[in-house]
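Just so you know, the sequences run in chain order X and B.
According to numbering that gives the first Met the number 0, the residues represented by the first sequence are 0 to 324, in order.
According to numbering that gives the first Met the number 0, the residues represented by the second sequence are 0 to 556, in order.
What follows is a set of notes on a single structure, which appears directly below.
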Amino acid sequence: MPYVSLILGRVFKAVIVLLAILVFNFFLIHAAPGDPAAVMAGEAGATDQQFLEDLRERFGLDQSLPVQLWRYMSGVLQLDFGYSYRQQMPVLDLILDRLPATLLLTGAAFVISLAFGILAGTLAAMRAKRPSGSVIMGLSLLFYATPLYWVAMMAVLVFSVMLDWLPAYGYSTVGAGYTGLTHVGDVAVHLILPALTLGLFFMAVYTRMTRTSMLSVSQQDFVKTARAKGLAPGVIQRRHILRNALLPIITLAGLQAGQMVGGAVLTETVFAWPGIGRLMYEALMQRDYNLLLGIFFFCALLVILFNMLTDVIYRLADPRIKEAT
Amino acid sequence: MSEPLRHSGEPLSHSGESLLRIERLSLALPEGADRRYAVDDVSYDLGAGEILCIVGESGSGKSMTANAVMGLLPTGVHASQGRALFDGQDLLAMNEISHRALRGRRIGMIFQEPMTALNPLMRVGEQIAEVFEAHGLLTAKARKERALALLEEVRLPNPQAALRAYPFELSGGQRQRVMIAMALALEPELLVADEPTTALDVTTQAQILHLVKDLQQRRGMAVMFITHDFGVVAEIADRVCVMREGKIVEMGSAREVLDSPQHEYTRALIEAIPGDAVPPSRDEAPAKPLLAVKGLDKVYRSSGGWFQPKREVVALDTIDFTLDKGETLGVVGESGSGKSTLGRCIVGLNTPDSGEIRLNGVDLRALEGRELREHRRRIQMVFQDPYASLNPRIRVGMAIAQGPIANGVNKAQAMKQARDLLATVGLDASAAERYPHEFSGGQRQRIGIARALALNPELIVADEAVSALDVSIQAQVLKLLDDLKKELDLSLLFITHDLRVAAQICDRLIVMQKGKIVEHGSARQIFLSPQHAYTRELLAAIPGRAPHAEPTEAVAI
Chain X
0 MPYVSLILGR VFKAVIVLLA ILVFNFFLIH AAPGDPAAVM AGEAGATDQQ
50 FLEDLRERFG LDQSLPVQLW RYMSGVLQLD FGYSYRQQMP VLDLILDRLP
100 ATLLLTGAAF VISLAFGILA GTLAAMRAKR PSGSVIMGLS LLFYATPLYW
150 VAMMAVLVFS VMLDWLPAYG YSTVGAGYTG LTHVGDVAVH LILPALTLGL
200 FFMAVYTRMT RTSMLSVSQQ DFVKTARAKG LAPGVIQRRH ILRNALLPII
250 TLAGLQAGQM VGGAVLTETV FAWPGIGRLM YEALMQRDYN LLLGIFFFCA
300 LLVILFNMLT DVIYRLADPR IKEAT
Chain B
0 MSEPLRHSGE PLSHSGESLL RIERLSLALP EGADRRYAVD DVSYDLGAGE
50 ILCIVGESGS GKSMTANAVM GLLPTGVHAS QGRALFDGQD LLAMNEISHR
100 ALRGRRIGMI FQEPMTALNP LMRVGEQIAE VFEAHGLLTA KARKERALAL
150 LEEVRLPNPQ AALRAYPFEL SGGQRQRVMI AMALALEPEL LVADEPTTAL
200 DVTTQAQILH LVKDLQQRRG MAVMFITHDF GVVAEIADRV CVMREGKIVE
250 MGSAREVLDS PQHEYTRALI EAIPGDAVPP SRDEAPAKPL LAVKGLDKVY
300 RSSGGWFQPK REVVALDTID FTLDKGETLG VVGESGSGKS TLGRCIVGLN
350 TPDSGEIRLN GVDLRALEGR ELREHRRRIQ MVFQDPYASL NPRIRVGMAI
400 AQGPIANGVN KAQAMKQARD LLATVGLDAS AAERYPHEFS GGQRQRIGIA
450 RALALNPELI VADEAVSALD VSIQAQVLKL LDDLKKELDL SLLFITHDLR
500 VAAQICDRLI VMQKGKIVEH GSARQIFLSP QHAYTRELLA AIPGRAPHAE
550 PTEAVAI
């Protein structure tokens, strides 16, 4: 069972990496300027020194750093990521509350960019010498170079304000109280603009990469062998060229997938999407250490998970890799 | 051109009908190529059941006609005149769909590089079954059965397992067998073989040649066999067509061309293979050992990872030998024999696990730092691939001068020395200002030699230094190495897979197999009376060693 032992080894390494990330993030965040107690006191309008001391004591901020770290780490090992002083809720509940919306958005963007990117790249490679191929490459260059927030604002302007086809922001229609399929449909309509916006950049990257990769694979000897067999061009493209050309795409897709939690801050802000990205932004502004650490932890967890998944998929896609580690 | 052309217009001496007739074919190269036509006004016939060898060096256009026949011409190359009639139909005038129907079905093709000619992501069985699928034949189950039968026919060990194997799990020779199985799947009338044995070890080459000949006779196929090697021609050809710079310089039956070549180019090519030639005995001057290797071991271990088993490959197993001053010692063996590892250990590019490497009595493995650098300077290497061993962005003069500069010579002096060295290896001193891509393979190998000489070495390790070169260039580079050796009082460790090359240059030989030295002695002695079975096998496998023997006589598999 080579896969089992491989995955066990990876999991073991992953746990160590995660613990290291926790410690590192903890110190990093405490090294940043700003005192959460002062921020809270300021917002409460209190300038009393005693009030500040009380706040510090209540949240354990008066302890030395190693003690704070110890408390935090032992909490995490019991899946207790602490309490958000600002939101008056456990960090884990806050994150789990927001996670589905973010995963829905980034997952949809991921699938869209991968599917359309590979499709467009394949077309561009097959029509490398025709105008249609150049048009695809021109568009992909445009999407590659355009800043995300600008695309987002223009999309809202055109499709929401001018054409009124799609909602401009939000996760679902506020106060409509839809249930069941109507609710699913409502969320899907809200999802279209942000997911497309978020996916465009990577779609352009996949398009360019698929094209380049296919053109270079098509020069290889085994493609000549396939032609010498008398195979039809379509079969050669799909079975021989595309399959080999997708190997580097897997690597890149793994990188994109790793950004699923933390990569949508801008899009979530523009479209008022109630996801992790916005939560992170707010936590940062409010010096909400525990919440911030919790979000960082989940980001790291997802990166590691998707790296492992990429490794497994790579092994399935390319039999030559089984030999090496 | 008034080239002596034999048989060109005459009817076939063979009894068979002409299956493939090339008529006044010219293939135009794209604008800006070094000549206008890849193939220039070429005509020949290939009869059913006949093996025609097209012979030539790189750039002769020998593969281009085959590509035109297959409809696989590179982009930019097109037929500007002539016809290629296959069974009466002009392949060049044919539309792509009818041409595709012929490919694989009536015309099969095998290629030079078995390592890259198979799709790395598909199982061997699937790739063979694809040939039937391409022509809409058989059911999936029947395709698999035929694939198995074919793998048995090309005598692959354990065909059942091979069916499920990926290409990377097979050796080069096994992959070439798979390629042959694939090309023969639909029993084509014509097999085009483009240098199918060039990338293989000599014993494997003999087996594949035997297999092709055997299958050709059993099936009555016509074979167009493209090669640069007259040794191979002697083994397999019925008729020969010699090409140079896109033109046919000579054509005739194999016996005629080999026994009495008319054109000087043909003669030069044939002379480049020693055939039955035996290395001369060389006078045994009282020798002073320069290099002494003792008990050298090297095992390659793949790290395996935390939960995976380790894999070990023994590359060197207690290697002992000495190399005398002024001597050329050949290290001969097939791929995987450990001969390159040995060379790399001596130069210091690999670290042996244990053993001694003594140069002038000093154990190099015990040295460190400055002392090691000083001694390492005395052993220099000439690499196999003249295209990959020079940095494309560094001018030739600098590439040669870098070694001396690193050893403390000032730059102006090192550059002057580099120019002198270029003259020594037969290049113009102005070459120093140019980049590697401006030179041909043979010239680059001369640059490689100049680079090695720049540090005034006592020993040169040449690792397959002429394998990538055409035979006529090979002879020149070998002569240069031999001359330099005498002039500069060098010693040479010459690593090669090619016994014919070894015979031309080496005083003594070491024969290696699987990391061990199985035989050593003077080159003459080994050629005349090989003691070890493996040496005998290697010698017997040299193609064309007995050109007058019956061509069916081949090595047992």
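Just so you know, even glycine gets a beta-carbon here, dropped at the ideal spot from N, CA and C.
Just so we're clear, the structure is a prediction, and the values are computed from it rather than from any experiment.
- Judged by beta-carbon spacing, Leu24(B) lies beyond the 8 angstroms limit of Arg242(X), meaning their Cβ atoms are not closer than that value.
- Among the CB atoms of chain X, one or more fall inside 8 angstroms of the CB of Arg102(B).
- In the same chain as Asp384(B), and ignoring 5 residues on each side of it, the C-beta atoms closer than 7 angstroms to its own belong to Ala467, in chain order.
- For Leu308(X), not one C-beta of chain B is nearer than 8 angstroms to its own C-beta.
- Against chain B, the CB of Leu304(X) has no partner CB under 8 angstroms away; the residue lies outside that interface.
- Inclusion of Gln216(B) and Val222(B) in the CB contact set at 8 angstroms is not warranted, their separation being larger than that value.
- With 16 or more other Cβ atoms from the protein chains shown falling within 10 Å of its own Cβ, Tyr264(B) counts as buried.
- By the C-beta criterion, the region 183-199 of chain B is judged to be in contact with the region 107-117 of chain B, since at least 3 inter-stretch pairs fall below 8 angstroms.
- In this structure, Leu68(X) places its C-beta atom within 8 angstroms of the C-beta atom of Phe25(X).
- Check the Cα spacing between Tyr43(B) and each of Lys61(B), Lys410(B), Ala267(B): the tightest is with Lys61(B).
- Distance from the CA atom of Ser334(B) to the CA atom of Lys415(B), rounded to whole angstroms, is 39 angstroms.
- Interface flag for Arg70(X) against chain B is unset, since no Cβ pair is found closer than 8 angstroms.
- In the structure shown, Ile225(B) falls within a strand segment according to DSSP collapsed to helix, strand and coil.
- Taking a 10 Å sphere around the C-beta of Ser4(X), we find fewer than 16 other C-beta atoms and assign the residue as exposed.
- Within chain B, not a single residue places a beta-carbon under 9 angstroms from that of Asp47(X); the smallest gap is close to 57 angstroms.
- DSSP places Leu18(B) inside the beta strand (DSSP E), whose first and last residues are 17-27.
- The residue among Val153(B), Ala128(B), Leu150(B) with its C-alpha nearest the C-alpha of Ala141(B) is Ala128(B).
- Here Val75(X) has Leu21, Phe296 as same chain residues with Cβ atoms under 8 angstroms from its own Cβ, once five neighbours each way along the sequence are excluded.
- At least one beta carbon of chain X lies nearer than 8 angstroms to the beta carbon of Phe110(B).
- The criterion of a C-beta distance shorter than 8 angstroms is satisfied by Leu51(B) and Phe224(B).
- Contact annotation, Val269(X) with Ala151(X): C-beta distance approximately 4 angstroms; criterion of less than 8 angstroms satisfied.
- For Thr224(X), the enclosing alpha helix (DSSP H) covers residues 220-227.
- Identification of residues in the region 207-233 of chain X having a C-beta nearer than 8 angstroms to some C-beta of chain B yields Gln219, Asp220, Phe221, Lys223, Thr224, Ala225, Arg226, Ala227, Lys228, Gly229, Leu230, Ala231, given in sequence order.
- At a cut-off of 8 angstroms, the C-beta of Arg237(X) has no neighbouring C-beta in chain B.
- Under the 8 angstroms criterion on CB atoms, Ala133(B) is classed as interfacial with respect to chain X.
- DSSP places Ala451(B) inside the alpha helix (DSSP H), whose first and last residues are 440-452.
- Each residue's CA atom was taken as its position, placing Leu141(X) and Ala100(X) some 29 angstroms apart.
- Per DSSP, Thr495(B) lies in no alpha helix (DSSP H); the unbroken beta strand (DSSP E) holding it starts and ends at 490-495.
- Secondary structure note for Arg277(X): its alpha helix (DSSP H) is the uninterrupted segment 275-284.
- Bridge pairing for Ile509(B): Val330(B), His519(B) [DSSP].
- Burial state of Pro391(B) is exposed, judged by a 10 Å Cβ sphere holding fewer than 16 other Cβ atoms.
- If you draw a straight line from the Cα of Gly176(X) to the Cα of Ser159(X), it is about 22 angstroms long.
- The region 54-71 of chain B makes contact with the region 223-241 of chain B, as at least three CB pairs between them are under 8 angstroms.
- Comparing alpha-carbon positions, the option among Arg154(B), Met181(B), Ile53(B), Ala164(B) lying closest to Arg105(B) turns out to be Met181(B).
- His182(X): member of the alpha helix (DSSP H) spanning 179-216, first to last residue.
- Under DSSP, Arg82(B) takes part in a beta bridge, and its partners are Glu22(B).
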